[in-house]
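Worksheet: the structure to be examined is printed underneath.
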Amino acid sequence: MTASDNPRFDLAERLILGAAAGLAGGVVSGIELAALGRLPLLANLVGSGSPVIGAAAHLAMCSVSGIVFSLLAYGMFRRMRSLVALGVVYGLLLGELGPVVLQGSTAPLFSLDWSIGLLLAGHAVFGAALALTLSLLHRHTLRKPLGVKEKDLSL
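If you use this note's numbering, the sequence shown corresponds to residues 1 to 155, in order.
Spelled out as structure tokens, the structure:
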């Protein structure tokens with residue numbers, strides 16, 4: 001039985017695809033963070049000031065965010081436009097609520113600072129990239145399930 005025969009998409013596959021899509025979105029949004037010089041601020045969350053540690057922390061958070069999104073948006077994988085729109089909203093929520101959860105700070109909430117606006121735009125791009133990647137990975141997985149080699153699909 002392949003994933004396309006099974007209407008229930010395996011939980012382990014959802015977790016793996018969510019983590020991978022989160023990493024893809026993290027790379028895209030990480031470029032903006034690096035350009036704005038924000039990676040050392042993320043490194044401060046784990047007791048470092050290194051941009052490399054900040055990038056690793058960013059990608060770890062993006063991977064977890066991708067898993068959460070994959071679990072929340074499970075029923076929408078086949079509707080790419082709706083999923084991408086939901087991803088943008090999810091990214092914006094992460095941009096607003098992330099600092100509150102991670103630092104206990106309410107500074108970014110409803111701020112008019114231009115750098116906060118750029119960070120929110122980066123989070124929206126993260127959400128769109130996350131959702132688009134998740135949809136594409138899901139479609140590919142339905143054609144060729146994880147762990148199944150191409151030769152195994154032909155009888």
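Ideal Cβ placement from N, Cα and C applies to all residues, glycine included. Please read all numbers here as calculations on a predicted model, not as lab measurements.
> Can you tell which of M61, G117, P99, V101 has the C-alpha that lies nearest to the C-alpha of L130?
Replying inline: M61
>> My output table needs one value for A21: the three-state DSSP class, helix, strand or coil.
In response: helix
>> Going by DSSP, what residue range makes up the alpha helix (DSSP H) through V52?
In response: 51-72
> Quick one: is D152 buried, meaning 16 or more other Cβ sit within 10 Å of its Cβ, or exposed?
Replying inline: Bear in mind that the predicted position of D152 carries a pLDDT of just 46, short of 50, making it unreliable; the figure below should be weighed with that in mind. Label assigned to D152: exposed.
>> Here's the rule I'm using: 16 or more other beta-carbon atoms within 10 Å means buried, otherwise exposed. How should R14 be labelled?
In response: Looking at its Cβ environment, which holds 16 or more other Cβ atoms inside 10 Å, R14 is buried.
> Shortest alpha-carbon distance to V101 belongs to which of L45, L120, V52?
Replying inline: L45
> Residue range of the alpha helix (DSSP H) that L39 falls in?
Replying inline: 39-44
> Hey, how far is the Cα of L86 from the Cα of A73?
Replying inline: 8 angstroms
>> Among S70, L136, L119, whose alpha-carbon lies nearest the alpha-carbon of G98?
In response: L119
> According to the neighbour-count rule (16 or more other Cβ atoms, all chains shown, within 10 Å of its Cβ), is R81 buried or exposed?
Replying inline: exposed
> DSSP three-state call for R79: helix, strand or coil?
Replying inline: coil
> Are at least three pairs of beta-carbons, each pair with one atom in the segment 16-31 and one in the segment 130-141, less than 8 angstroms apart?
Replying inline: yes
>> Measuring alpha carbon to alpha carbon, tell me which residue in L36, A55, I16 is nearest L42.
In response: A55
> Grouping DSSP H, G and I as helix and E and B as strand, with all else coil, what is G47?
Replying inline: coil
> When the distance is taken between beta carbons, is A124 closer than 8 angstroms to A93?
Replying inline: At residue 93 the sequence reads Leu, which differs from the Ala that was named. Going by C-beta atoms, L93 is not nearer than 8 angstroms to A124.
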